[in-house]
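*Asks:* Numbering (the working numbering), first residue to last: 282 to 901.
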Amino acid sequence: MDKIKSFLLPILALCVLSISFWYSSGWLQLCSGLALFLFGMQCLEEGLKQLAGGRLEQLLERSTATRFKGFLFGVGGTMVLQSTTLMSLLTIAFISTGLIQLAGGISILLGINLGTSGGMWLLAAAGQNFSLSPIALPMLVFGVLAGFNGENSKALGRIILGIAFIFLGIDQIKGGFAEFGNSLELFEQVSRGYLGQALFVGMGVILTAMLMSSHATLMLILAALAAGQLELWQGMSMAIGGSVGSSFNVAIMGWLGGNRGGQRLAAVHVLFNLITGLTTFLLLTPLMLLVHALMSQLGVGDNSLLQLAMFQTLFNIIGVLLFWPWQRHLEVLLCRYLPDRQEPNVLIADSHTDESAVVEQRVLPETRARYLNETALASVDTASRAVVQELQHLGRLSLEVICHALYQPVEQLSSIKVNEERLNARPNDAECLDAQVLYERHIKGVYSDLLGFMSRLDAQMDEEHRQFWMTCQVVALQLVDAVKDAKHLQKNLGHYLRNDRSHVHHYYLDLRRHVLWVLRQVREVGRSDLPDDVWRSRLDWVDAQAAKFDADFRHRIFSEVRSQQLDNLQASSLMNDLGYCSRITQSLRNVLQLGLVGENELLRQVRSLGGDDDFPLIHL
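#1: DSSP three-state call for MET576: helix, strand or coil?
#2: May I ask you to report which of helix, strand or coil DSSP gives GLY328?
#3: Return the first residue and the last residue of the alpha helix (DSSP H) that SER840 is part of.
#4: With a floor of 4 residues, list each alpha helix (DSSP H) that falls wholly inside the stretch 466–551, ordered by position along the chain.
#5: Using three-state DSSP, classify ASP631 as helix, strand or coil.
#6: Counting along the chain, where does the alpha helix (DSSP H) carrying CYS684 start and finish?
#7: With distances taken from CA atoms, which of LEU546, SER577, ASN597 is nearest THR560?
#8: Please determine, among ASN394, ARG864, VAL842, ALA828, the residue with the shortest C-alpha to C-alpha distance to PHE604.
#9: Determine, using beta-carbon pairs with one atom in the stretch 442–457 and one in the stretch 494–504, whether at least three such pairs fall under 8 Å.
#10: By Cβ distance, which residues of its chain are closer than 6 Å to LEU615, with the 5 residues on each side in sequence left out?
#11: May I ask you to report which of helix, strand or coil DSSP gives ALA650?
#12: Take TYR789 as the anchor and find which of SER868, LEU687, ALA445 has the nearest alpha-carbon.
#13: Roughly how many angstroms lie between the CA atoms of THR372 and LEU855, to the nearest whole one?
#14: Identify the continuous alpha helix (DSSP H) that holds ASP810 and give its terminal residues.
#15: If we count Cβ pairs, one from each stretch, closer than 8 Å, do we get three or more for the stretch 857–867 versus the stretch 767–774?
#16: With DSSP as the reference, label ASN584 as helix, strand or coil.
#17: Specify the secondary structure class of LEU370 as computed by DSSP and reduced to three states.
#18: Between GLN730 and ALA650, is the Cβ-Cβ spacing less than 7 Å?
#19: Taking the continuous alpha helix (DSSP H) assigned at SER863, which residues delimit it?
#20: Assess contact between the stretch 835–853 and the stretch 805–824, defined as three or more Cβ pairs (one per stretch) separated by less than 8 Å. Is contact present?
#21: Taking one C-beta from the stretch 741–759 and one from the stretch 692–704 each time, how about it: are there three or more such pairs within less than 8 Å?
#22: In angstroms with no decimal places, state the Cα-to-Cα distance between CYS324 and HIS746.
#23: Look up ILE381 in the DSSP assignment and say whether it is helix, strand or coil.
#24: Could you check whether GLU647 and ARG722 sit closer than 7 Å to each other, using their CB atoms as the reference points?
#25: DSSP three-state call for LEU619: helix, strand or coil?
#26: Tell me which residues share the same chain as HIS685 and place their Cβ nearer than 8 Å to its Cβ, disregarding the 5 neighbours each side in the sequence.
#27: In angstroms with no decimal places, state the Cα-to-Cα distance between VAL581 and LEU587.
#28: With a threshold of 16 other CB atoms inside 10 Å of the CB of ASN554, please say whether the residue is buried or exposed.
#29: Tell me the DSSP secondary structure of SER301 in three-state form.
#30: Quick check on DSSP: helix, strand or coil for CYS296?
#31: Determine, using beta-carbon pairs with one atom in the stretch 434–448 and one in the stretch 306–320, whether at least three such pairs fall under 8 Å.
#32: Within the continuous alpha helix (DSSP H) that includes LYS768, where are the two ends?
#33: Please return the same chain residues whose Cβ sits closer than 6 Å to the Cβ of MET517, not counting the five positions on each side in sequence.
#34: For ALA490 and LEU289, I'd like the C-alpha separation in whole angstroms.
#35: Count the other CB atoms, across all protein chains shown, that sit within 10 Å of the CB of ILE441; report buried if there are 16 or more and exposed otherwise.
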C-alpha cells in the first residue's frame, strides 16, 4: 500500500499541476520562471564549487584563527557561492569532522547570514523594469561552448549557464506576475497589524520550505513587488519568513547528517533566524521608516525593490549585533544542553552475566560506522577527514577482534606489562569468543559503510586526493584481511591451547605470545610522535624481529620433525598457522607504512590504530 501511495501521489500532483497550467498561462509562466531560476542557482552553485576545488575548504580551515576572520570568510564565501544552504552545510561538515571548532563555526555562520544580503541587492537590481533576456541568450551559447574545453572550462561554462538561466527565470517570473493583473487583490484586504504581518511571515516560511531556497523566495517577493502585487510591508514580512524557513531547511539536514558538533551549529542557525526574525517582526514599522529614510538619502526612496534589499541587510545586521557579544556564552550553553554523546562500548555477553543481560546483548545491533555522516560529503576535505576517523575506529576494532581471537582480554594491549599468567593460561570457556562472530558483528558493517561512503563522494578530485582515496581503501582492506587471518588462526589455537598435554601446546603458546607482541608494537608505534626517519627505523626493527621469529619457529619445527617429536600433520598445522601470524603482522605493518604515503598529514593519523582512549570498544 505504501508503495502504491508513493507512486500515485506524485502522478496525481503532476496531473493537477498540468491542469492548472492549462487554465492559467500566467501561472505557467510563473512556475516556468521559478524552475529556470532554481536550475540556474543549482548550475551556479555546482560550477563555483567545482572551480574552487579544495581551495574553499582549505581557506575555511585557515579562516577560523579569530572570530572576525571567520566572520569575514562567511560573508565572502556566501557572496561568491550565493548559497546559504551550501555554506552552512559546509561549515557543519567541517565541525562534524573536527577541522574547526564550534566557536569558529558560530562566527562563520554569522558571516553567512550577512553575506546573503549581497545576493539580495543583486536580485533587486536585476528586478528593475528592463528585460534580461537579451543578455541571457548569448550567455547560453558561451556557456555551452565552454563545456567542451577541459574540466575548468566546463565549470566556468556551468557558472555562465547558471547566470543565464537566472536571468531568464527573472524575466519569466516578472511576466507571470504581470499577467496575473489584479488576481491577487485578496492581499489588499489583509490588515497591516501584527496579525496581518504574521500571516505573510507564515507564507514566507511555507514558501521557502517548499522551494528549499531562500533566494527563490526573495526573487518571488521582488517580482511581486515590481508587478504591484504586494505592498512593501507585505514583502518585508515574507522576507522575514523566508529567512526563518531557510534555517529550518539547514537545521533538518544538519541535524540528520551531522554529529553533535554539527547539530549544535544547526541549532545556532535556527536560534539566529528565530530571534532575529522575532525582533524585526516586532520592530517592523520603525524599520520601514528607517529603510525609507536611508534610501531617500540615496535618492531611491520610491524604489520598493531596493528598499526590500536594505531591509534584508538590516535584518542580518541586527542578528549579528544581537549574537556577536554572546558567542562564547552560546557555545557554553550548547555544550551543556547538547553534550557530546558517550562513545558506546560494544558489549558482548559472557557466561557470567545474568540471563536478562544476555538477552539484552543479543538484541544489540551490529557495530556500524561512527563518523561517516552525510554532511561530510559536502566536500572532498571533510569527507577525507571523516574517512580517516572511521579508519581509526576500524583499526581499533580490528586490533581488539584479533586480541579476542587469541583468547586474551583487550587490556593486554594497553597495559604497561603483559599479564603472563593470562598469557600462558588455557582458554576460559566463558571467554571463548568466536572470531567469526566478532567479524560479522563488529568489522563487516563498518567496512561496508566505509566502502559505501567513499563510493558516494561525487566531486572533482586532484591527483593528491585520488591517491589519498586509494590509500584509504587499501588500509581498510589490510585491516579486514588481518582480522580474517585471525579467524583462521583461532581454530587450531583454541584446540591445542586447551590440550596442555599435547606436544605442540607450547608452540601455540609461542604463536599467541608473538601475535600479542606484534599487536602491542603496532599500537605503540602508531601512537608514537617521532621524526619520520626514527619512526621508520622503529618499524624496520619490528619487521626484523618478526622475521627472526618466523625463521626460528620454522627451524624448530623442522628439527622436531626430523627427531620425530612432531608428526607431519602437526607440522603442517603449525606451518599454516605461522603463515596466518605472518600475514597478520604484514597487514598491520602495511597499514603503518601507508600512513606515510605522499607525506599526507591526514594519512599519518591512520597509524594511530589504537586511538587515544584506553577503554576497549569490545569487552567482556
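We treat Cβ as the ideally placed atom computed from N, Cα and C, and that holds for glycine. All figures in this text were calculated on a predicted structure; none of them were measured in a lab.
*Replies:* This is what the structure gives:
#1: helix
#2: helix
#3: 813–843
#4: 475–492, 495–507, 513–538
#5: Residue confidence for ASP631 is low, a pLDDT of 36 falling below 50, so the modelled location carries little weight; the figure read from the coordinates is stated next. If DSSP states are grouped into helix, strand and coil, ASP631 belongs with coil.
#6: 661–686
#7: ASN597
#8: ASN394
#9: yes
#10: ARG545
#11: coil
#12: LEU687
#13: 54 Å
#14: From DSSP, ASP810 is part of no alpha helix (DSSP H); its letter is neither H nor E.
#15: yes
#16: coil
#17: helix
#18: The sequence shown places Asp at residue 730, rather than the Gln named in the question. In contact: ASP730 and ALA650 (Cβ atoms closer than 7 Å).
#19: 849–875
#20: no
#21: no
#22: 24 Å
#23: coil
#24: yes
#25: coil
#26: VAL691, LEU714, ALA716, LEU719, ILE899
#27: 8 Å
#28: buried
#29: helix
#30: helix
#31: yes
#32: 744–779
#33: PHE592
#34: 23 Å
#35: buried
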